[in-house]
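One structure is given here, and the rest of the page talks about it.
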Amino acid sequence: MLRLGHVQLQTNLLLAPIAGYCDLAFRTICREWGGVGLACTDLLSPQGLLRGTATSLDLAKTNDFDKPVGMQLYGSDPEIMAQGARWAVEHGATIIDINMGCPVDKVTKKDGGSKLLTDLPRTARIVERVVRELEKCPLDAAAWAARLGPGAPVRASAAPVPLTCKIRLCWHTADYDAGLACSPHLARALADAGVVGVTVHGRTTEDKFAGHVRLEGIARVVEAVGGRIPVIGNGDVRTPLDAERMIRVTGCDGVMIGRGALARPWVFRDTWAHLCEVGLGSRTGGTPVPPIPRAAEPTEAEKLATIRRFFDLMRAYRDDRYALFQINRRVSWFAKTLQRDLGNGKLESIKPFKEAVRNAKTPAEVHEALDRFAAGELRGGWEAHPEEAAV
Ligand SMILES: Cc1cc2nc3c(=O)[nH]c(=O)nc-3n(C[C@H](O)[C@H](O)[C@H](O)COP(=O)(O)O)c2cc1C
2 MLRLGHVQLQ TNLLLAPIAG YCDLAFRTIC REWGGVGLAC TDLLSPQGLL RGTATSLDLA
62 KTNDFDKPVG MQLYGSDPEI MAQGARWAVE HGATIIDINM GCPVDKVTKK DGGSKLLTDL
122 PRTARIVERV VRELEKCPLD AAAWAARLGP GAPVRASAAP VPLTCKIRLC WHTADYDAGL
182 ACSPHLARAL ADAGVVGVTV HGRTTEDKFA GHVRLEGIAR VVEAVGGRIP VIGNGDVRTP
242 LDAERMIRVT GCDGVMIGRG ALARPWVFRD TWAHLCEVGL GSRTGGTPVP PIPRAAEPTE
302 AEKLATIRRF FDLMRAYRDD RYALFQINRR VSWFAKTLQR DLGNGKLESI KPFKEAVRNA
362 KTPAEVHEAL DRFAAGELRG GWEAHPEEAA V
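Take the sequence shown: its letter number 143 is residue 144 in my numbering, and every next letter is one higher.
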């Protein structure tokens, strides 16, 4: 089983932070489907947390079911990062993660996110300062019982919240191509500074999200750390077979899935069942958790129930306006999984359902669209399979 410091995860699969998407409601539905070893908040501004701004507090929301949870901080000032980490410890974090991969200008122009890949001595200072702060505020055994989540082994003594980092391969693609990526020695330096695990998104900062994940770059990080800390592979994992390939090709200890979960929050359940079947469910020793038996594709009714639950959780954790905004922009992804294959390269069209959800002005109208779809309405006609439409 995957261990991050003294925190033993129940599976080696992690839900990625995706700013604007992986909120408490979404983390909850992924966990309810099963297979999630650790989920993480989207990136949080430590200044925002410390000032108590509403946006930061909303993003950092968690609860007892949402465990174990990583809280991800971004920034470049060691002192502020340390105080942000302390705030996260006091507000429910099981793990603190530092973002070293975000390529967005707003973050990198302030020297945060993947800009940290370009100044390793400074990055080491941030990490050392945060580790020192975490050591000063250990959680007692009772707090750990709540932070580790159901089914986790009980801790008998106090211990600090561990620190992980999420990195990319390096900033410039030319460096990567020349064999000069910083990620292998950065990962070693992070382990030296007290970081207990590193997630590697197998792209350069210049790649942003283009092209394919570079599995060999992740493999080099795995080789460089030589088993001192676990390495989590990340990028383009959308199916159980992708996760198996990520582990076999790179030798990584765990797999983080982001975009692949947005339409299919059951991907962790299916991937965990698959990894257990092929013997990749417990690479780092420990007591394996009983595998989830391989399950069939969720039924249409189960998928509709997931959309409904997600919508209602967003209303409960935030408000109706937020829930309507999110369901409007995400219904197409969910809807794709609801389309029936009519054969001959044709998919049932469910445009009327998507439009009914998108045009909904009230929660009652979203529920009505879901009810009507379940009753066989709001569908009709057909559209070509996406592959064929692209030709
Ligand atoms: C819209 C968007 C927002 C993201 N936000 C974050 C973030 O807040 N923190 C982070 O570490 N990575 C973030 N990422 C990167 C993802 O965590 C992940 O590394 C990347 O999407 C590759 O994994 P995937 O192919 O499984 O999605 C974001 C990615 C996208 C597409």
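Beta carbons are placed, not taken as given, at the ideal position from N, Cα and C, and that holds for glycine.
Asked                                                                                                      : Found
Runs of beta strand (DSSP E) wholly within the segment 33 to 85 (minimum 3 residues, chain order)          : 39 to 41 and 70 to 74
The segment 78 to 92 touching the segment 333 to 353, judged by at least three CB pairs closer than 8 Å    : no
Proximity test, C103 beta-carbon vs ligand 1 heavy atom, cut-off 8 Å                                       : yes
N235, buried or exposed, once every other Cβ within 10 Å from all chains shown has been counted against 16 : buried
D321 (DSSP reduced to helix, strand or coil)                                                               : helix
Alpha carbon of K110 to alpha carbon of E129, nearest angstrom                                             : 23 Å
Selection from C138, T56 and A175 that minimises the alpha carbon distance to A160                         : C138
For V256, three-class secondary structure by DSSP                                                          : strand
Best match in D243, A192 and A190 for proximity to V214 [C-alpha to C-alpha]                               : D243
Alpha carbon of A55 to alpha carbon of K304, nearest angstrom                                              : 32 Å
Segment contact flag, the segment 97 to 105 with the segment 52 to 67, C-beta cutoff 8 Å, min 3 pairs      : no
Distance, R239 Cα to G261 Cα                                                                               : 4 Å
Three CB pairs or more closer than 8 Å across the segment 190 to 210 and the segment 164 to 171            : yes
Closest Cα partner of Q73 within the set R341, I97, A182 and A192                                          : I97
M101 - partner residues in DSSP beta bridges                                                               : I168
Distance CB(V223)-CB(T205) smaller than 9 Å                                                                : no
Cβ shell of R270 (< 8 Å), same chain only, five flanking positions each side left out                      : W34, G35, G36, I293 and A296
CB-CB length for P18 against D43, believed under 8 Å                                                       : 5 Å
C-beta contact flag for K337 and A264 at 9 Å                                                               : yes
Range of the contiguous alpha helix (DSSP H) that encloses T109                                            : D106 to T109
Distance CB(N329)-CB(R310) smaller than 9 Å                                                                : no
Cβ-heavy atom distance, I127 to ligand 1, below 8 Å                                                        : no
I127, DSSP secondary structure in three states                                                             : helix
CA-to-CA distance, R373 to L16, given in whole angstroms                                                   : 32 Å
Inter-residue Cα distance where the pair is G21 and C277                                                   : 31 Å
Straight-line Cα distance separating L39 from E389                                                         : Only weak support exists for where E389 lies, its pLDDT of 48 falling under 50; the value from the coordinates is given anyway. Cα to Cα, E389 sits roughly 37 Å from L39.
Separation of L135 from A83, as counted between CA atoms                                                   : 8 Å
Meets three-Cβ-pair contact criterion under 8 Å: the segment 173 to 192 and the segment 144 to 156         : no
Under 9 Å between C-beta atoms of L117 and I127                                                            : yes
Of the listed residues A385, P387, P364 and E356, nearest to E378 (C-alpha basis)                          : E356
Run of the beta strand (DSSP E) containing K352, from where it starts to where it stops                    : Here K352 belongs to no beta strand (DSSP E); instead the alpha helix (DSSP H) covers K352 to R359.
Secondary structure of A375, DSSP reduced to three states                                                  : helix
Closer than 8 Å: V199 CB and nearest ligand 1 heavy atom                                                   : no
Neighbour-count burial assignment, A94, 16 or more Cβ in a 10 Å radius                                     : buried
Cβ-heavy atom distance, G21 to ligand 1, below 8 Å                                                         : yes
beta-carbon K167 near ligand 1 non-hydrogen atom, thresh 8 Å                                               : yes
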